[in-house]
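Residue 18 is where the sequence shown starts when you use this note's numbering, and the numbers rise one by one after that.
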Amino acid sequence: MQGKYIAIEGPDGSGNTTLSRGIVQELEQKDVPVIWTNEPSSRPIGRLIRQCLSHEVSVDLSAMLYLFVADRVDHYKKVVQPALEEGRVVVTDRSLISTFCYQTLIHAWYFIQELHKEVTIPDLVIVLEVPLAVAEARRQGREKVELYERKPTQEAVASNYRAVGNMLPQYPIVYLNGDRSKQAVLDDAIRLINDKFQLLR
Ligand SMILES: Nc1ncnc2c1ncn2[C@@H]1O[C@H](COP(=O)(O)OP(=O)(O)OP(=O)(O)O)[C@@H](O)[C@H]1O
Ligand SMILES: [Mg+2]
């Protein structure tokens, strides 16, 4: 049986890495076959993007869109699809919704949609909502401010995340209040996933 493809989304510091790892741990404990993965991926194009995010390498900002889409296609075909075909649940820390929320800072929605025409949409997208100040406080203590992490950018990104559910009604997007304890957020996410896919019995 084909597995399920679940993406965890939200602005920087919303807790998407924490939640995606938590979901995988919880499913593993219940013997559900699952993998954790992320975008930008750990494959060659994803590594280049990460170097851009940390300012080690500089690429024109408008060219970043094409890197993200190229990484997405490569990541899907090389990592996600094989795992889905083995019947695994694939939990990805970020996917295409991030591109809609970050790259629409300089590219049009319709154009980004065009580029994603052949990209597989996840079966479920959980978007974590947290107040800007909370996300900012959670990012404190990190060594570097990455590309897209400046305050005005994060304000625009957060606003795009609020809009994305309406902008892309054909995508299975569910919003989750991320401004609660890690356990409360995780419990809700597991409930949501199980209601939709009946993975746990
Ligand atoms: N629900 C929560 N309550 C309190 N702290 C949290 C919660 N979720 C995550 N954190 C903490 O906030 C910090 C940022 O979390 P995390 O790395 O998961 O964010 P992120 O959304 O993945 O950020 P980025 O998108 O920049 O990678 C971490 O120190 C994490 O332990
Ligand atoms: Mg993260």
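All residues carry an ideal CB built from backbone N, CA and C; glycine is no exception.
### Message
Give the list of continuous beta strand (DSSP E) stretches no shorter than 3 residues that lie fully inside the segment 79-107.
### Response
Listed in chain order, nothing qualifies, since the segment 79-107 has no complete beta strand (DSSP E) run of 3 or more residues.
### Task
Using only the heavy atoms of ligand 1, determine whether one of them is closer than 7 Å to the beta carbon of Val-202.
Taking the sequence shown and counting its residues from 1, the one referred to as residue 202 is at position 185. Under cutoff, so the answer is yes.
### Reduced DSSP category for Ile-129 - H, G, I as helix; E, B as strand; rest coil
The residue you call residue 129 lines up with position 112 of the sequence shown. Ile-129: helix per DSSP, three-state reduction.
### Rounded straight-line distance, which links the Cα of Glu-160 to that of Pro-148
Here residue 148 is taken as the residue at index 131 of the sequence shown, counted from 1. Here residue 160 is taken as the residue at index 143 of the sequence shown, counted from 1. In this structure, the straight-line span from the alpha carbon of Pro-148 to that of Glu-160 is close to 22 Å.
### Query
Out of curiosity, what's the CA-to-CA distance linking Glu-146 and Gln-200?
Along the sequence shown, one-based indexing puts residue 146 at 129. Along the sequence shown, one-based indexing puts residue 200 at 183. Those two C-alpha atoms are separated by around 15 Å.
### Task
Using only the heavy atoms of ligand 2, determine whether one of them is closer than 7 Å to the beta carbon of Thr-34.
The count along the sequence shown starts at 1 and reaches residue 34 at position 17. In terms of side-chain proximity, the C-beta atom of Thr-34 is found nearer than 7 Å to a non-hydrogen atom of ligand 2.
### Query
Is there contact here, the segment 155-173 with the segment 100-107, by at least three beta-carbon pairs under 8 Å?
Note that the segment 155-173 does not touch the segment 100-107; fewer than 3 beta-carbon pairs, one per stretch, sit closer than 8 Å.
#### Entry: Which of helix, strand or coil DSSP assigns to Val-41
Stepping through the sequence shown from its first residue, residue 41 is reached at position 24. In the displayed model, Val-41 falls within a helix according to three-state DSSP.
#### Entry: Cross-strand partners of Tyr-165 (DSSP beta bridge)
One-based indexing of the sequence shown puts residue 165 at position 148. According to DSSP, which records beta bridges pairwise, Tyr-165 is partnered with nothing at all.
### Query
With respect to 7 Å, is the separation between the Cβ of Ala-110 and the closest non-hydrogen atom of ligand 2 below this value?
Translated into the one-based positions of the sequence shown, residue 110 becomes position 93. The residue you asked about is not Ala; residue 110 is Asp in the sequence shown. Asp-110 has its Cβ nearer than 7 Å to a heavy atom of ligand 2.
### Query
Between the beta-carbon of Leu-36 and the beta-carbon of Val-202, is there less than 8 Å?
For this step, residue 36 is matched to residue 19 along the sequence shown. For this step, residue 202 is matched to residue 185 along the sequence shown. When the beta-carbon positions are compared, Leu-36 and Val-202 come within less than 8 Å of each other.
### Query
Shortest alpha-carbon distance to Ala-154 belongs to which of Ile-143, Glu-166 and Glu-45?
The residue labelled residue 154 in the question sits at position 137 within the sequence shown. For Ala-154, the closest alpha carbon among the candidates Ile-143, Glu-166 and Glu-45 is that of Glu-166.
### Task
Please name the residue, chosen from Leu-78, Met-18, Ser-71 and Ala-150, that lies closest to Thr-121 on a Cα-to-Cα basis.
Indexing the sequence shown from 1 puts residue 121 at position 104. Out of Leu-78, Met-18, Ser-71 and Ala-150, Leu-78 has the C-alpha closest to the C-alpha of Thr-121.
### Task
Could you check what DSSP says for Leu-217 in three-state terms: helix, strand or coil?
Counting from 1 along the sequence shown, the entry for residue 217 is found at position 200. Coil.
### Task
Give the straight-line distance between the Cα atoms of Asn-183 and Ala-87, rounded to the nearest whole angstrom.
In the sequence shown, the residue the question calls residue 183 occupies position 166. In the sequence shown, the residue the question calls residue 87 occupies position 70. So the alpha carbons of these two residues sit roughly 26 Å apart.
### Query
Hey, quick one: how far does the alpha helix (DSSP H) through Tyr-119 stretch, first residue to last?
Within the sequence shown, the letter at position 102 stands for residue 119. Looking at the DSSP string, the run of the alpha helix (DSSP H) that includes Tyr-119 is 113-119.
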